[in-house]
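Q: Numbering (the working numbering), first residue to last: 82 to 180. Here a beta-carbon is modelled for each residue, glycine too, at the ideal position from N, C-alpha and C.
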C-alpha cells in the first residue's frame, strides 16, 4: 500500500486572507501540468486554471466558490487516437477545521 499522493498544485493560503468577494486565480505551470497528466495517465494536460472566491464563516469554516477550467489530451478507448477535451466545472466547497 502506498502513502499519500503529493499534490501537483500546492498554493498555501492563510485563512485570515479569506474575504468576501476577493477573487483568487491559480494556474498550473507547465511542470505541474506534466506531473498531473502522469498521475492521471493521460497524454497531456495543456492548461489548468481555477478562479474562485473565499469567504470566512463562523467557527473557522471557509467557503469557496468558483470555476475550474482545463484543456486535456485524452485517448479514445476504441481507436487509441488522442483528442482534446475541454473541462469547465463550477464548484462550491465548505472547508471545516480538522477538530
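With DSSP run on the structure shown, which of helix, strand or coil describes residue 157?
A: Within the chain shown, the letter at position 76 stands for residue 157. In the structure shown, residue 157 sits in coil (DSSP, three-state: anything other than H, G, I, E or B).
Q: I'd like to check one pair, residue 137 with residue 175: are the Cβ atoms closer than 9 angstroms?
A: Taking the chain shown and counting its residues from 1, the one referred to as residue 175 is at position 94. Taking the chain shown and counting its residues from 1, the one referred to as residue 137 is at position 56. Not closer than 9 angstroms, so no.
Q: DSSP three-state label for residue 141, please.
A: Along the chain shown, one-based indexing puts residue 141 at 60. Residue 141: helix per DSSP, three-state reduction.
Q: DSSP three-state call for residue 86: helix, strand or coil?
A: Start at 1 with the first residue of the chain shown, and residue 86 comes out as number 5. Residue 86: coil per DSSP, three-state reduction.
Q: So within the stretch 89 to 120, which uninterrupted beta strand (DSSP E) runs reach at least 3 residues, ignoring any that extend past its ends?
A: 104 to 108
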